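One structure is given below, encoded as structure tokens.
Numbering (the numbering used here), first residue to last: 679 to 917.
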């Protein structure tokens, strides 16, 4: 059996697309999401489905421990869970800021902590952190969200440097607009309408499979090759 793959936010979008591809390649899976029924509905073989809030480090670790006992060491962790709540800082709910930082930053740190010690001891392993082009440049109505994704870029690169000597890879994947449920988290109908219009102007956003293929490309390289960052977007996306 191939190495264990752990994917957070696996109930839809990029996480779901990647789970299907990894299963087809013969990897056992630990799929993590709040909507466990959607994970179970995928009916993938050699798969554990865990209802876990990534901000809860204890339940995250318990799910990983069970998967390791069942399928062996984690070879790949994909920190895909994320929340995008767009808004203007002067009138956006502070609760929305907290939700984004809890999930997008603290949840990612929790995930890395659950696997890194073992990966360093094993002298192998890969972590893929899903960031965004909004982690490299700013966008209107994205200030708090951009902050979380800039943090993902910084954390990923910092940890990559720390674990490189242990033969562990940390890869940042930064997509542009993708057709997922992410936009539905935003509460402003005006912002949603503008975002949808922007996607139409570019002829459509990326599909989840496009991003899943990029992750597979980076992961499939020999362990001594670390593609540190992949940035991808629809060809017509501006900016």
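C-beta: ideal position from N, C-alpha, C; glycine also. It should be emphasised that the depicted structure is a prediction, and the values quoted were computed from it without experimental measurement.
Take the Cβ of residue i as the centre, count every other Cβ of all protein chains shown within 10 Å, and call the residue buried at 16 or more, exposed below.
| i | result |
| --- | --- |
| residue 767 | exposed |
| residue 834 | buried |
| residue 758 | buried |
| residue 696 | buried |
Please state if the CB of residue j and the CB of residue i are separated by a distance shorter than 8 Å.
| i | j | result |
| --- | --- | --- |
| residue 916 | residue 855 | no |
| residue 685 | residue 756 | yes |
| residue 785 | residue 748 | no |
| residue 769 | residue 735 | no |
| residue 911 | residue 884 | yes |
| residue 683 | residue 754 | yes |
| residue 710 | residue 741 | yes |
| residue 908 | residue 852 | yes |
| residue 823 | residue 832 | no |
| residue 897 | residue 781 | no |
| residue 901 | residue 802 | yes |
| residue 783 | residue 850 | no |
| residue 727 | residue 746 | no |
| residue 680 | residue 703 | yes |
| residue 699 | residue 712 | no |
DSSP three-state call for residue i: helix, strand or coil?
| i | result |
| --- | --- |
| residue 853 | strand |
| residue 908 | strand |
| residue 822 | helix |
| residue 838 | helix |
| residue 811 | helix |
| residue 848 | strand |
| residue 768 | coil |
| residue 679 | coil |
| residue 801 | coil |
| residue 878 | helix |
Taking the DSSP output, what are the residues bridged to residue i?
| i | result |
| --- | --- |
| residue 870 | Answer is none; residue 870 lacks a bridge partner. |
| residue 684 | 708 and 755 |
Along the chain, where does the beta strand (DSSP E) that runs through residue i open and close?
| i | result |
| --- | --- |
| residue 804 | 804-808 |
| residue 729 | 725-729 |
The ligand SAH heavy atoms versus the CB of residue i: any closer than 7 Å?
| i | result |
| --- | --- |
| residue 839 | This structure does not include the ligand SAH; it has no bound ligands of any sort. |
Got a sec, what are the start and stop residues for the alpha helix (DSSP H) residue i sits in?
| i | result |
| --- | --- |
| residue 699 | 691-702 |
| residue 776 | 772-778 |
| residue 886 | 886-897 |
| residue 783 | Looking at the DSSP string, residue 783 is not in any alpha helix (DSSP H), and its letter there is neither H nor E. |
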